[in-house]
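Visitor: In the working numbering, the protein residues as written are 2 to 183. From the three backbone atoms N, C-alpha and C, an ideal C-beta is built for every residue, glycine too. Quick one: the structure is below, and I'll ask about it shortly.
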């Protein structure tokens, strides 16, 4: 596998210029990808990132704050904001998956699109049943509820791809930690 050192801001430069790209997915030892108009697309331009380079990228995202990096290693996950050199904001989720670091960055657009621009207005009004998919449910559910005053039920199948399943106690801290018990 051919790996090279990478710089997060050079990767983000290609993502920021396309308004239809919403997420960047960085993985160790595999092709990184981005979400374009809802579809995940492998990015051939981003070199394969090894574990050492993934740590370098994460430290860049933490702005070389060793304390934040150490907390990530201890907690096995971190959610934080990052602003690229061009001023574009990102919501970052760093985590362990199968013992390796993974990073997902959601681009925060400076302008919020309307329901019509997201093509939800007609969709929301045409839904006959009250089941919506997880990531696309908030706006249509709100619109349906305001117009029809019905209860909205959403079903979420958290992980349907076994190769992406994260393990408690291995990739994450014990569940009791999240409940506030030590």
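(1) From residue 101 to residue 23, what distance separates their C-alpha atoms?
(2) From the DSSP output, which residues share a beta bridge with residue 40?
(3) Where does residue 97 land, buried or exposed, given buried means 16+ other C-beta within 10 angstroms?
(4) Could you tell me the alpha carbon to alpha carbon distance between residue 27 and residue 113, rounded to whole angstroms?
(5) Go to residue 73, then tell me how far its alpha helix (DSSP H) extends in each direction, as first and last residue.
(6) In the DSSP assignment, what are the bridge partners of residue 55?
(7) Can you tell me where the beta strand (DSSP E) with residue 10 in it begins and where it stops?
(8) Using the Cα positions of residue 80 and residue 107, report the straight-line distance between them to the nearest angstrom.
(9) Taking the beta carbon of residue 103 as the centre, do at least 16 other beta carbons fall within 10 Å, making it buried, or is it exposed?
(10) What residue does the beta strand (DSSP E) around residue 94 start on, and which one ends it?
(11) Is residue 35 closer than 9 Å to residue 16 when the C-beta atoms are compared?
Guide: Checking against the coordinates, here is how it stands:
(1) 23 Å
(2) 37
(3) buried
(4) 25 Å
(5) 67-76
(6) In the DSSP output, where bridge partners are listed per residue, residue 55 has none listed.
(7) Unbroken run through residue 10 is the alpha helix (DSSP H), 9-17; no beta strand (DSSP E).
(8) 11 Å
(9) buried
(10) 90-98
(11) yes
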